[in-house]
Structure formats: C-alpha cells, structure tokens
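K.L.:
Please see the structure below; I have some questions.
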Amino acid sequence: MPIETTASVVAEVSDDPELLAVPYTSDLTPAHSVELHLPVPDLLAHYEAKGEAGEVVEVPVARGGGVGRVLLYGVGDGSPRALRRAGAALTRRVKGKDTLTVVTPGGDVAAFAEAALLAAYSYKIGKVGKPAVRTLAFAGADEAQVRRAQVVAQAVALARDLANTPSSVKNPAWLAERAAESGLPVKVWDEERLQAEGFGGILAVGRGSASPPRLIQLSYTPEQPADRHVVLVGKGITFDSGGLSLKPTDNMKTQKTDMAGGATVIAVLGALARLGAPVRVTGLVAAAENMPSGTAQRPSDVIKHYGGRTVEVLNTDAEGRLVLADALAYADTVLDPDAVVDVATLTGAITVALGRNVGAVYSTDDALAKQLVDAGQTADDRLWRMPLIEDYVPALKSPIADLSNVESGSRFGAGSITAALFLREFAGQRPWAHLDIAGVGRSTVDEGTLSKGATGFGVRVLLEWLTRT
3 MPIETTASVV AEVSDDPELL AVPYTSDLTP AHSVELHLPV PDLLAHYEAK GEAGEVVEVP
63 VARGGGVGRV LLYGVGDGSP RALRRAGAAL TRRVKGKDTL TVVTPGGDVA AFAEAALLAA
123 YSYKIGKVGK PAVRTLAFAG ADEAQVRRAQ VVAQAVALAR DLANTPSSVK NPAWLAERAA
183 ESGLPVKVWD EERLQAEGFG GILAVGRGSA SPPRLIQLSY TPEQPADRHV VLVGKGITFD
243 SGGLSLKPTD NMKTQKTDMA GGATVIAVLG ALARLGAPVR VTGLVAAAEN MPSGTAQRPS
303 DVIKHYGGRT VEVLNTDAEG RLVLADALAY ADTVLDPDAV VDVATLTGAI TVALGRNVGA
363 VYSTDDALAK QLVDAGQTAD DRLWRMPLIE DYVPALKSPI ADLSNVESGS RFGAGSITAA
423 LFLREFAGQR PWAHLDIAGV GRSTVDEGTL SKGATGFGVR VLLEWLTRT
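The opening position of the sequence shown corresponds to residue 3 in my numbering, with each subsequent residue numbered one higher.
Right, here's the structure in full:
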C-alpha cells in the first residue's frame with residue numbers, strides 16, 4: 003500500500019532517542035559522537051565491520067531506565083548509490099518501530115532519504131504483516147532535500163500501487179478515475195469517442211474485453227511560462243492475456259502489471275507541481291484490457307490507427323505497440339510537443355538483452371537520449387541506450403497493410419528493436435524516446451529499495467529529467 007512512513011527533519015539529535023542511527027565510514031570512524039559501553043572503533047572491530055554500504059551493527063544502550071538501541075551503519079564510499087543502499091538497509095532493519103532518528107551522512111541526503119522511504123513500501127491485501135517504521139527523523143539534514151525525497155518516494159509508491167492492484171479491480175475506467183485523483187486537468191476518451199475520432203489501435207486491443215478501453219490525458223502547466231512542452235505516453239494494458247494469441251499460464255500471472263508504463267505517467271504528472279517542474283507536460287495513457295472472446299481481434303486482421311496508417315496484426319500478444327501507436331500519432335498530430343517519451347513494459351526480449359536491473363532507451367535524438375541516460379544514472383533508474391538498426395526495418399513490412407505489428411518469420415529477431423522501430427513510425431519527426439521497462443518494471447525479490455511486485459521504474463528518471471534539466 004502507499005508508503006505510510008513520513009520523513010521529518012530535526013535540528014539535532016535529542017538527548018535520549020529510543021532508536022538512533024549513526025553513520026560510519028570505511029575507516030570505522032563514526033560521524034557523530036555517541037556514548038556506548040565500549041569505544042565505537044572497538045565495537046566495529048569486534049563485529050568485523052568494514053564500513054560497507056548497507057552494513058548495520060546494532061548496539062543495545064541504557065535509555066531512561068529502559069533499553070534503547072544505536073544502529074551504526076556503514077556508508078561505503080559515500081556515493082549516491084552507496085547512500086541509497088545504506089538508507090534502504092536501515093529501514094528494513096527497524097520494521098515495526100515507531101521512530102528512527104538518523105544522523106544523516108554527508109553527500110546526497112535526498113538519495114539517502116528517498117531510498118530509506120522506498121524500502122518501507124509494501125503491498126498486501128488482507129492481514130497486514132509487520133509495518134514499516136512510522137517516522138524517519140533526519141537530524142541536521144537539508145529540509146528541501148528531504149522534502150524532495152518524500153515527494154519522489156510517494157510518486158514511486160503510487161505507480162507501484164496502481165500496477166500491483168489486481169485486475170479484478172483494475173480496468174481502463176478505473177485507471178481513468180485514479181488519474182482524475184491527481185488534481186490535474188484530465189480528459190478521457192470513452193469507446194464511443196475513440197471510435198468517432200479514429201483510435202483504431204486502442205479499440206482493436208480492447209475489443210475482446212467486457213471492460214471498454216480508454217485514452218486518458220493529464221495536463222500539467224507550471225506557474226511560470228514554460229519554453230518546453232513534453233508529452234509522456236504510457237502503455238496502460240490493465241491485463242494482458244495475449245488475446246487470441248494466448249500467453250502460457252505462468253506468463254499470465256504477472257500481467258496485472260502490464261500497465262506499469264501508464265502508472266508511471268500518472269505518478270509523474272501528479273508529482274510535477276510539488277517539485278516545481280518548469281516544463282509543460284502532457285501525459286497520455288492508452289488503456290485497454292487484452293482478452294480473448296468472440297469479439298476479440300484476430301491474427302491477420304488489419305486495423306487503421308489514428309492518422310490513417312494501417313497495420314496487419316500478426317500476433318495479438320504484441321498489443322502494447324498498437325495502443326501506443328494511436329497515442330503517439332495523436333501527440334504528434336495534435337499536441338505539437340518539443341519532445342515525446344513513451345514508457346512501456348513492451349517486450350520480453352529486452353529482459354534477455356539487459357536483465358532486470360537496467361531499462362532500455364531507444365531514441366531518434368542523441369541529446370534527448372543522453373539527457374535520459376544521465377538522469378537515470380542520477381536517479382538510480384538506470385538506462386542503457388539501444389540501437390535503432392535500420393537494417394531491421396523490413397521486419398515490419400506487410401503485403402496488405404502499411405506495416406505489420408511483428409516480424410513474420412525469424413529472419414531478424416531482435417524483438418525489442420523491431421518493436422521500437424514500429425513505434426518510431428508513429429512518433430513523427432520530433433525528438434522521441436522509447437523506454438522499454440519490461441525487465442525492470444517488476445521485481446521478484448524484497449531487497450534494497452525494491453519489494454516483490456511492481457517497481458515504479460521510470461518515475462525517478464522522468465522526474466529527474468523534467469525537474470533538473
């Protein structure tokens with residue numbers, strides 16, 4: 003559920019905190035004077051501490067007639083990545099406690115606090131397990147950095163919540179309702195309006211479901227006039243069975259998170275005002291449920307997308323690119339942005355290429371690609387630029403339509419690249435980037451800042467890019 007842990011800033015450590023965390027460096031020197039029953043270096047040496055990030059040594063101490071605890075935590079080399087590891091380790095160590103007072107390390111306090119908050123996230127329906135620490139009190143920290151960390155962590159938590167919600171609850175209309183809760187101007191296309199305006203891709207994917215599709219638009223305008231307009235486009239498939247090209251059973255078990263890209267767009271738009279983003283941003287979420295039924299689209303169908311381009315559907319399980327194509331074409335034709343970025347759990351192929359710790363970015367613009375990669379490095383949503391290989395364009399040829407949605411046969415392979423090439427056809431000539439987050443959008447472990455289930459990947463990199471570049 004949403005992160006219930008709150009972050010506060012205190013000027014200094016109180017005289018008698020029940021639970022106190024003090025950092026130490028690789029030379030085993032504590033960053034704050036603390037009285038223990040043995041000298042701190044001797045204690046750390048006894049526990050064979052090395053000062054590595056994420057290392058925590060717990061020491062009981064007398065506190066007001068009772069027993070308190072001091073947590074000595076290592077910060078490694080003090081880099082933002084090390085501080086994130088340290089912050090997450092602290093929060094996981096003190097689950098169920100009321101307040102942890104943290105003597106903050108030097109360096110990037112926002113990264114440290116953000117990780118500590120993200121590690122407190124959990125999602126459970128029914129009997130709730132051991133709760134996270136309720137309050138993290140950061141002693142001597144910069145208040146603006148802690149406030150930013152709280153906003154970013156809450157945005158990531160919202161994206162996780164949306165993606166983790168079961169599809170028995172979540173459908174395209176439900177997703178539109180959650181977008182409306184952002185407080186931003188929201189515009190929603192229902193199935194009648196989608197039909198009237200020619201959004202053939204979204205309609206085709208949603209045809210097999212009892213829950214009709216939606217196109218959702220959110221708009222953020224900064225207080226001061228903006229010289230840039232960015233459109234974010236998110237894939238919002240609220241459940242993906244594969245349609246008539248049915249997925250294997252095991253592959254379906256995680257498909258409630260196939261709208262993680264759309265969740266990212268909603269969460270990012272909702273956080274922009276609180277972070278004072280100087281750029282105008284429009285968010286588009288192309289939402290549908292991909293189900294098999296007597297009304298579902300069939301392999302070999304030809305659909306007409308927004309703007310008139312036709313596509314032969316060779317595989318109904320390659321549906322994300324069909325809904326994104328409509329939204330990208332609409333953004334290019336109507337919204338006239340300076341740049342477009344789409345984010346989607348698009349292809350299993352990218353997991354083979356990059357694994358589960360690094361997302362992919364494809365782009366037609368070198369400057370935009372670099373900005374996103376750099377922002378990802380700073381925000382710890384790491385991205386790797388992948389190539390748009392022109393030799394693979396023939397994979398999209400169709401004998402009866404302008405394009406096919408997947409390659410017929412296996413001459414080229416490279417499923418993530420050909421999917422990106424397909425999307426490029428609808429993005430126009432403006433700077434465009436595609437984030438394939440299929441590998442990083444879901445975690446299989448409770449570790450560090452991650453909890454099992456949706457990760458909220460993309461929220462941090464996009465907020466970093468939109469607010470600081």
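Glycine included, every Cβ here is placed at the ideal spot set by N, Cα and C. Predicted model, so just to flag it, every value in this text is computed and none were measured.
#1: Which residues does DSSP pair with Asn292 in a beta bridge?
#2: How close, in whole Å, do the beta carbons of Val477 and Leu464 come, if the pair is a contact with beta carbons under 8 Å?
#3: What distance in whole Å lies between the Cβ atoms of Thr366 and Arg426, which are believed to be in contact at a cut-off of 8 Å?
#4: For Gly309, report the span of its alpha helix (DSSP H) as first-last.
#5: If you follow the alpha helix (DSSP H) that Gly263 is in, where does it begin and where does it stop?
#6: Hey, which unbroken runs of the alpha helix (DSSP H) at 4 residues or more fall wholly within the region 14 to 53?
#7: Please name the residue in Ala113, Gly264 and Ile305 whose C-alpha comes closest to that of Gly200.
#8: What alpha helix (DSSP H) runs, 4 residues minimum, are completely inside the region 125 to 213?
#9: Is Leu177 closer than 8 Å to Ala289 when the C-beta atoms are compared?
#10: So, helix, strand or coil for Arg384, using DSSP?
#11: Compare the Cα-Cα distances from Pro227 to each of Val281, Leu205, Arg180 and Ala181 and report the closest residue.
#12: What did DSSP end up calling Lys237 once you bin it into helix, strand or coil?
#13: Based on the DSSP secondary-structure assignment, which residues constitute the bridge partners of Val72?
#14: Entirely within the region 357 to 442 and at least 4 residues each: give me those alpha helix (DSSP H) ranges in chain order.
#15: Considering only the alpha carbon of each residue, which of Thr353, Asn407 and Leu468 lies closest to Arg323?
#16: In whole angstroms, what is the alpha-carbon distance linking Thr457 and His231?
#17: Exposed or buried, what is Ala279 when buried is set at 16 or more other beta-carbons lying within 10 Å of its beta-carbon?
#18: Any idea what DSSP makes of Glu449, helix, strand or coil?
#19: Rounded to whole angstroms, how far is the Cβ of Leu326 from the Cβ of Ala440, which I believe are closer than 8 Å?
#20: Under DSSP, the beta strand (DSSP E) around Val463 begins and ends at which residues?
#21: Could you check where the alpha helix (DSSP H) with Thr93 kicks off and where it finishes?
#22: Based on Cα-Cα distance, which residue from Leu246, Ala112, Ala122 and Arg136 lies nearest to Arg149?
#23: On the three-state DSSP scale, how would you describe Arg300?
#24: Please report the straight-line C-alpha distance between Ala377 and Arg470, rounded to a whole angstrom.
#25: Expressed to the nearest angstrom, what Euclidean distance is found between the alpha-carbon atoms of Pro339 and Gly53?
#26: Assuming Val342 contacts Arg432 (C-beta within less than 8 Å), just tell me the rounded distance between them.
#27: Would the beta-carbon of Ala403 fall within 8 Å of that of Glu314?
#28: With burial defined as no fewer than 16 other Cβ atoms inside 10 Å of the residue's Cβ, what is the status of Gly108: buried or exposed?
#29: For my contact list, Ala155 and Leu120 are in at a C-beta cut-off of 8 Å; report their separation, rounded to the angstrom.
#30: Less than 8 Å between the C-beta atoms of Leu374 and Ala435, yes or no?
#31: Could you give the C-beta distance for Arg71 and Leu30, rounded to a whole number, given that I count them as a contact under 8 Å?
P.N.:
With the structure as the only source:
#1: According to DSSP, Asn292 shares a beta bridge with Asp242.
#2: The chain is shown from 3 up to 471; residue 477 falls before or after that span and cannot be answered.
#3: The beta carbons of Arg426 and Thr366 sit about 6 Å from each other, so the pair counts as a contact at 8 Å.
#4: Gly309: not part of any alpha helix (DSSP H); DSSP gives it neither H nor E.
#5: Its alpha helix (DSSP H) spans residues Ala262 to Leu277.
#6: Runs of the alpha helix (DSSP H) inside the region 14 to 53: 42 to 48.
#7: Check the Cα spacing between Gly200 and each of Ala113, Gly264 and Ile305: the tightest is with Ile305.
#8: Fully enclosed alpha helix (DSSP H) runs of 4 or longer: 145 to 166, 174 to 182, 193 to 199 and 202 to 208.
#9: In this structure, Ala289 lies near Leu177, with their beta-carbon atoms less than 8 Å apart.
#10: If DSSP states are grouped into helix, strand and coil, Arg384 belongs with coil.
#11: It is Val281.
#12: Annotated three-state conformation of Lys237 is strand, per DSSP.
#13: As a beta-bridge residue in DSSP terms, Val72 pairs with Leu22 and Val61.
#14: The qualifying runs are 368 to 381 and 417 to 426.
#15: Closest option to Arg323, Cα to Cα, is Asn407.
#16: Cα-Cα distance, rounded: 27 Å.
#17: Buried: at least 16 other Cβ atoms inside 10 Å.
#18: In the structure shown, Glu449 sits in a strand (DSSP, three-state: E or B).
#19: The pair is not a contact, with the Cβ atoms about 13 Å apart (cut-off 8 Å).
#20: Premise fails: Val463 lies in the alpha helix (DSSP H), Val461 to Arg470, not in any beta strand (DSSP E).
#21: Start and end: Pro82 to Arg95.
#22: It is Ala112.
#23: In the structure shown, Arg300 sits in coil (DSSP, three-state: anything other than H, G, I, E or B).
#24: Taking the straight line joining both Cα atoms gives about 9 Å.
#25: A direct Cα-to-Cα measurement between Pro339 and Gly53 gives close to 48 Å.
#26: That belief holds up - the Cβ atoms of Val342 and Arg432 are roughly 6 Å apart, short of 8 Å.
#27: Taking 8 Å as the Cβ cut-off, Ala403 and Glu314 qualify as a contacting pair.
#28: When all chains shown are included, Gly108 counts as exposed.
#29: By a beta-carbon distance limit of 8 Å, Ala155 contacts Leu120. Their separation comes to about 5 Å.
#30: Yes. Within cutoff.
#31: With a Cβ gap of about 19 Å, Arg71 and Leu30 do not count as contacting.
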